[in-house]
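Trainee:
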Amino acid sequence: MAACKDWATEPDQEVSVKISLSGPGSLPPTTVCEAFKKTVLKYPGHLALKVKRGESGIWKSWTYREYYDSVSGAAKSMVKLGLEAHHGVGILGFNSPEWFFTYIGAIMAGGIATGIYTTNNKETCQYIAKDCRAQIFFCENETQVNKLLEAKDSLPDLKVIVQYLPESVQPVSPRHKEAGVLSWDQFIDCGKDVPDYELKWRIEAQKPGHCASLVYTSGTTGSPKGVMLSHDNLTWCGLVVAKRYDFNENFRIISYLPLSHIAAQMIDIMAAVMIGHTVWFAQPDALKGTIKSTLLEVQPTLFFAVPRVWEKFKEVIERETSEISGLKGFILEKSKSIGKKTQLKRQVGGDVSWGHWIAEKAVFKGLRSKMGLNNCIMMATGAAPLPRAVAEFFAQFDITLCQMYGMSETTGTGCINSPTCFRPFSVGQVAPGTEVKLDSPGPNRDGEICLRGRNVFMGYLHEEAKMKEIFDEEGWLHSGDIGSVDKDGFYYITGRLKEMIITKGGENVAPVPIEEKMLKTVRLLSNAMVIGDDQQFLTIFVTIKCKFDESNNPTDELDPIAKGILHDIGSESTTVSEVLTDPLVKQYIQQGIDKVNEEAISRAARIQKFTILPVDFSINGGEYTATLKVKRRVIIEKYHEHITHMYSTANSNGATVQ
C-alpha cells in the first residue's frame, strides 16, 4: 500500500482527509459501507427503492434492510468471481435497482465502482475497462454487452460480464450464454456460499481516504479522464448537501439521469445512503417523454433536471398556453406578472402579496399539478449552464429553479442555491464546509473559480502530470470556469477559460452570454454557437427547433413552436431544409442579431455573420456530451467548410447566411 498523501493517481493509494476544527468540515470521516449500514439500522423497514417491472407495470419494492441484503449478495458474488481490491467494476446501463446493488456492492467488496455512459461507443467503453483494470462488467442488455464482449480477449483483467437486468425482463441471448455471459440470477447464486466474515474483512480494510468510485469525464476532446473519488468525498458531500436541503427519510426522488454522472450518483445513490429516503426509478425512455407520466405517478418532493429537460418543459407549457385568450388569457398574464414580483420578494425573504394567493389558485397550482411537481419542495438544475430565458420563464409561475455548481472533480459540490436563499441567474453560495475563490480577477471582476475542501477529488487515475496542472501550491483546484461573485456571496458563471475567444485583434470575448441572448431573442433557435478565435470578427452557428425521433436523432420536421413563429412572420416553411433557403427566416434571424449587437459590451463582441446549420445538435450526432454540454471543437471540425466560407470575404458588415 502506498503512503497516505494529499492526492493520488493510482487506485491503491490512500489520501489524507483534511478535517476542519469546526463546522461541517469537522464531521468525522467514514466509509460508504459504514454510512450505509448506519442508515439501514436506523430505517430497516423504510421503503428504499421502487421500480416498475413486467408488462403489467407493477411496482416492485425494496426496504432498506432488503436493499442492504441485495448489496451484500452482489458483493459476495463479486468476491466469488475473483474481484481483487482496488480493481474497477464497470456498470453500463440505465438506472435500476441492480445498478445500485452493483455500485455499492463493488465498493463493499473492495473494488472501485465505475459507471459508464450508455451513449459511449464500444471503443470508449473498452478504453475505460482497460484504464480502470475492470475485472467484472455489468451490462444492462445485449446491446451494451456487445460493446465489451468482442474485445474481451484484449482486456486481460476482465474476468466476467454480467447482464444485470433479470431474465424476466431481459433474457441473456444463446450466443452470449455460450460466450460465458452470466445472467443476474446466475451471478447472485454463485456467491451464496461466501461466508459473512469474508465480506466483513474486506469492509474493515477500507479507509475514508481510499478510492471508492471512478467517474469518467465525458470530455469535449480527447480520451475520458478517470476522476477518483474517495469514501470521504462521497459520504461527506452526500451528507452536507442533504442537510443543506433539509432532506429527510420521507423525501421521494426519481432516478432517471445517467448514473455515470456525478450529480445522479450523489442525489440518487449517496444522499439516500446517508439519509434514508425513497428512490423511484423512471422508465428507460424517460428523456423521450415518459418522465412526465412518472412524475405524475410519483409526485416527487425533490426533482433534479439538467437544463435541457427544463427547456423541454418550457416548450410544452408555451405550446399549451399559446392559444389562451380572453378572460383566461388576462388571468394568465396577470398571474405571470405576480409570479415575477413574488420571485423578487423570495430572494430577500419578503412576504408574498395577497395577489399571489389568487394566482396560486388560478394558475400556479394547476401548472405544477400538470407537471407532477405539486408536492415538490425543491426543483434543482445543474451539470450545464441554465439559460437565462429558461430561469425567467419559470419565475413567471413562481417556480424557483435552484442552480447548483460543481464538477466531477469536486464530487458535484461547490456552490448551492436553495428555495429560500437564491438568486435567479446565480449558481449559488459556497456549499457548507467548502471554500471557493476567484483567481486573478480582471477589470470586470471576473476570475477563474477555484475550490478547496473535502469535496475535492483524490486525483486523476494514472495522470500525475494533469494533477500538477489543475492544483496550485496552496491546494486550490482550478476549475477552468470563469465567474464573478456579488456582495451577498452568490457566484455567477460567465464562461470557460478554454471557451474564451481571443480575436485576431487580441480582444477577449466570452461566447456564452452572447449565445444566451441569441436564444432568448430569436425563439426559433435551438442552439447558438459563437465562433471567432484568431479571426477578425465574430460569426455564429445557429440551429432551428425541430422534432426528434424515438432514437433522439433530429429530424427535418420543425417542432410546433418553430412552426408557430414562422407562421407569425409570414413564412410557409415546415421543414429545416426549407428554412435554409427562406429569406423571411434569414431576415428574422438578422433582426435578432441586430438586437443582440445593440447590447454588445464592445465592438469586438458583435456578431457579423451567421450560418444556419442543416441539422440540430444531438448526442448521437457528436455535438453534445452525454450531459448535453456543447462540444465546440467537434462542431468546429465538423463544419469547418462553413466557417471558411463565412470568413472567405473581407467584408464583415452585417450578417450573412449561406
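Taking UniProt numbering, I'd label the letters of the sequence shown as residues 1 to 658. All residues carry an ideal CB built from backbone N, CA and C; glycine is no exception. Since we're looking at a predicted model, the values are computed, not measured.
In its own chain, which residues sit with a C-beta less than 8 Å from the C-beta of Q658, not counting the 5 before and 5 after it?
Mentor: At Q658, the pLDDT of 47 sits below 50, so the modelled position is not reliable and the matter cannot be decided from this model.
Trainee: Is K328 buried or exposed, if buried means 16 or more other CB atoms sit within 10 Å of its CB?
Mentor: K328 comes out exposed.
Trainee: Looking only at C-alpha atoms, which of I128, A212 and F137 sits nearest to I104?
Mentor: Of I128, A212 and F137, the residue nearest in Cα terms is A212.
Trainee: What residue range is occupied by the uninterrupted beta strand (DSSP E) comprising N527?
Mentor: Counting along the chain, the beta strand (DSSP E) containing N527 begins and ends at L525 to I531.
Trainee: Quick one, are the C-beta atoms of A113 and V89 less than 8 Å apart?
Mentor: A contact, by the Cβ cut-off of 8 Å.
Trainee: Could you check the C-alpha separation between Q591 and E315 for me, to the nearest Å?
Mentor: Cα-Cα distance, rounded: 22 Å.
Trainee: Can you tell me whether H567 is buried or exposed? The criterion is at least 16 other CB atoms within 10 Å of its CB, across all chains shown.
Mentor: It is exposed - the Cβ of H567 has fewer than 16 other Cβ atoms within 10 Å.
Trainee: Helix or strand or just coil, what does DSSP make of V17?
Mentor: V17 falls in the coil class under three-state DSSP.
Trainee: I want to know whether the region 332-351 touches the region 408-417 - three or more CB-CB distances under 8 Å.
Mentor: Too few Cβ pairs lie closer than 8 Å, so no.
Trainee: Where Y528 and I540 are concerned, what is the direct C-alpha to C-alpha distance, given to the nearest angstrom?
Mentor: First, the amino acid is wrong: residue 528 is Ala here, not Tyr. C-alpha separation (whole angstroms): 7 Å.
Trainee: Whole angstroms is fine: what's the gap from A465's alpha carbon to K130's?
Mentor: The straight-line gap from Cα to Cα measures roughly 20 Å.
Trainee: Do M379 and L344 count as a contact pair if the criterion is CB distance below 8 Å?
Mentor: In this structure, M379 does not lie closer than 8 Å to L344 by Cβ.
Trainee: Would a check of beta-carbon distances place E598 closer than 8 Å to chain C?
Mentor: Among the protein chains of the structure shown there is no chain C, as only one such chain exists.
Trainee: Assuming S255 contacts D268 (C-beta within less than 8 Å), just tell me the rounded distance between them.
Mentor: Indeed they touch by this definition, with Cβ atoms about 4 Å apart.
Trainee: CA-CA distance, S652 and G505?
Mentor: A caution first: S652 carries a pLDDT of 47, below 50, which makes its placement in the model too unreliable to give a value.
Trainee: Going along the chain, which residues of its own chain have a beta-carbon closer than 8 Å to the beta-carbon of N508, five neighbours each way excluded?
Mentor: M500, I501 and I502.
Trainee: Report the rounded CA-to-CA distance for L41 versus I275, giving the unit in angstroms.
Mentor: Distance between the alpha carbons of L41 and I275: 12 Å.
Trainee: To the nearest angstrom, how far is it from the Cα of S368 to the Cα of E392?
Mentor: According to the sequence shown, residue 368 is Arg rather than Ser. Answer to the nearest angstrom: the Cα atoms are 16 Å apart.
Trainee: In the DSSP output, what is D439 paired with across the bridge?
Mentor: In the DSSP output, where bridge partners are listed per residue, D439 has E448.
Trainee: Any idea which residues DSSP pairs L214 with across the strands?
Mentor: DSSP lists T114 and M228 as partners of L214.
Trainee: Is the beta carbon of G433 sitting closer than 8 Å to the one on Y491?
Mentor: No. Outside cutoff.
Trainee: Just the Cα atoms here: how many angstroms apart are K520 and V390?
Mentor: Going by the C-alpha atoms only, they are around 9 Å apart.
Trainee: DSSP state of S26, grouped into three classes?
Mentor: Correct three-state label for S26: helix.
Trainee: Rounded to whole angstroms, what is the Cα-Cα separation between I19 and N248?
Mentor: Their backbone Cα atoms lie some 25 Å apart in a straight line.
Trainee: How would you write the range of the alpha helix (DSSP H) that G556 sits in, first residue to last?
Mentor: The sequence given here places Asp at residue 556; Gly does not occur at that position. Per DSSP, D556 belongs to no alpha helix (DSSP H); it is in the beta strand (DSSP E), P554 to L558.
Trainee: Count the other CB atoms, across all protein chains shown, that sit within 10 Å of the CB of R202; report buried if there are 16 or more and exposed otherwise.
Mentor: So R202 ends up on the buried side.
Trainee: Mark F330 as exposed unless 16 or more other C-beta atoms lie within 10 angstroms of its C-beta, in which case mark it buried.
Mentor: F330 is exposed by the Cβ-count criterion.
Trainee: Alpha carbon to alpha carbon, what distance is there between S16 and A2?
Mentor: Note that A2 scores 47 on pLDDT, short of 50, meaning its location in the model is unreliable; the coordinates nonetheless yield the value given after this. So the alpha carbons of these two residues sit roughly 12 Å apart.
Trainee: Quick one: is residue 659 buried, meaning 16 or more other Cβ sit within 10 Å of its Cβ, or exposed?
Mentor: The chain is shown from 1 up to 658; residue 659 falls before or after that span and cannot be answered.
Trainee: Between the alpha carbons of Y639 and R603, how many angstroms are there, rounded?
Mentor: Those two C-alpha atoms are separated by around 26 Å.
Trainee: Applying the criterion that 16 or more other CB atoms from any shown protein chain within 10 Å of the CB defines a buried residue, is D481 buried or exposed?
Mentor: Per the 10 Å Cβ criterion, buried.
Trainee: Report yes or no: do the region 226-235 and the region 276-290 share at least 3 C-beta pairs separated by less than 8 Å?
Mentor: No, the region 226-235 is not in contact with the region 276-290.
Trainee: Distance check for G459 and A8, CA to CA, integer angstroms please.
Mentor: Roughly 5 Å separates the two Cα atoms.
Trainee: Taking only the alpha-carbon atoms, compute the straight-line gap between L580 and D533 and give it to the nearest angstrom.
Mentor: One C-alpha to the other measures close to 25 Å.
Trainee: Is the CB-CB distance between N141 and L165 below 8 Å?
Mentor: For N141 and L165, yes; Cβs fall inside 8 Å.
Trainee: Check this for me: beta carbons of W62 and P97, under 8 Å apart or not?
Mentor: Their beta carbons are under 8 Å apart, which means W62 touches P97 by this criterion.
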